[in-house]
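Notes follow the structure.
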Amino acid sequence: MSRSMDDDFTYFVKILDDNNDRYYLKSSIDERTNTIMMQLTNLKSGWIGTLNQQQVRMLAKKFPPEQQDTFYSHTQRAFSKGNHSEIDGKTYVFTCKKLEKNRIEFAWKQMVDDLNSLKIIGSAELQERPIEEILSKMMDHSIDEMETLRSANEQKIFDIQRINGQLNKALETVKQTVDIKEKLEADLYRKVNEFYLYI
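The numbering of the sequence shown is the working numbering, which starts it at 3 and goes up by one.
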């Protein structure tokens with residue numbers, strides 16, 4: 003699930019870490035301010051953290067400008083698709099390493115098949131927060147997304163009904179035109195026949 007507003011991208015996805023433990027990640031990537039906000043939970047505990055402008059720029063430097071895939075494209079793909087991207091087949095691995103003081107190191111890496119190795123895309127230290135706070139924010143996001151989709155669907159249904167109405171009117175106009183044409187042709191043939199009979 004994802005939403006984009008200009009250069010601000012928000013994602014909500016289920017991921018499996020390298021121990022095959024399940025997590026849920028909500029992230030916001032703002033390319034204008036070069037910041038990434040993350041909320042992570044395994045439904046037992048929750049963590050939150052932000053990569054600031056300086057940290058993001060340091061991570062982005064690992065990807066030369068001439069490369070097709072940038073730090074942002076990799077991160078957006080990993081955060082929006084989870085472990086496996088169906089579109090281009092890229093595979094991502096996530097690690098969640100517990101640190102002291104209720105912190106966790108969250109890292110996302112790309113599986114490089116040719117080298118059979120992992121390329122670190124980025125990492126961040128997240129601070130533990132009450133699970134209710136994290137779940138509440140994720141639920142709010144999910145409900146907002148559902149409302150947005152519902153409104154978009156209602157607008158599409160309205161547009162389809164309007165287009166169908168216009169199409170029906172156009173077909174009725176065509177039918178009436180054909181009927182008039184057939185009547186005029188029939189009248190013309192009748193007059194021509196009467197003319198020849200008169201002669």
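C-beta: ideal position from N, C-alpha, C; glycine also.
Here the structure is a predicted model, which means the values were calculated and not measured.
Residue closest to residue i, alpha-carbon to alpha-carbon, out of the options
{"i": "Lys63", "options": "Ser47, Leu45, Ile122 and Thr52", "result": "Ile122"}
{"i": "Asn44", "options": "Thr52, Lys99 and Asp146", "result": "Lys99"}
{"i": "Ser29", "options": "Pro66, Gly124, Phe14 and Ile106", "result": "Phe14"}
{"i": "Met40", "options": "Arg24, Asp23, Thr12 and Leu61", "result": "Thr12"}
{"i": "Val114", "options": "Lys171, Glu134, Ile106 and Thr93", "result": "Thr93"}
{"i": "Glu33", "options": "Asn54, Asn21, Tyr191 and Pro66", "result": "Asn54"}
{"i": "Tyr25", "options": "Arg164, Ile106 and Gln157", "result": "Ile106"}
{"i": "Gln219", "options": "Thr35, Ala172, Arg131 and Ile182", "result": "A question about residue 219 goes unanswered here, because the residues of the chain that appear run from 3 up to 201."}
{"i": "Asn21", "options": "Asn85, Ile182 and Ser75", "result": "Asn85"}
Check whether residue i and residue j have beta carbons under 8 Å apart
{"i": "Lys17", "j": "Phe73", "result": "Checking the displayed sequence, the identity of residue 17 turns out to be Ile instead of Lys. Result no, Cβ atoms of Ile17 and Phe73 do not sit closer than 8 Å."}
{"i": "Leu27", "j": "Phe81", "result": "yes"}
{"i": "Thr77", "j": "Gly48", "result": "no"}
{"i": "Gly51", "j": "Glu127", "result": "yes"}
{"i": "Asn104", "j": "Gln70", "result": "no"}
{"i": "Ile136", "j": "Lys46", "result": "no"}
Residue i, buried or exposed, once every other Cβ within 10 Å from all chains shown has been counted against 16
{"i": "Gly91", "result": "exposed"}
{"i": "Asp38", "result": "The question names Asp, but residue 38 is Ile in the sequence shown. Classification of Ile38: buried, given that the 10 Å Cβ count is 16 or more."}
{"i": "Phe108", "result": "buried"}
{"i": "Val58", "result": "buried"}
{"i": "Gln112", "result": "buried"}
{"i": "Lys83", "result": "buried"}
{"i": "Met7", "result": "Only weak support exists for where Met7 lies, its pLDDT of 49 falling under 50; the coordinates are left without a value."}
{"i": "Leu190", "result": "exposed"}
{"i": "Arg79", "result": "buried"}
{"i": "Ile31", "result": "buried"}
{"i": "Leu61", "result": "buried"}
For residue i, the residue or residues it bridges with in DSSP
{"i": "Asp19", "result": "Phe96"}
{"i": "Val114", "result": "Ser119"}
{"i": "Glu107", "result": "Lys99 and Glu127"}
{"i": "Arg24", "result": "Leu18"}
{"i": "His86", "result": "Thr93"}
{"i": "Thr43", "result": "Tyr26 and Gly48"}
**Q.** Ordered list of alpha helix (DSSP H) runs contained in the stretch 50–76, each at least 4 residues
**A.** If we require 4 residues or more, the alpha helix (DSSP H) runs fully inside the stretch 50–76 come out as 55–62.
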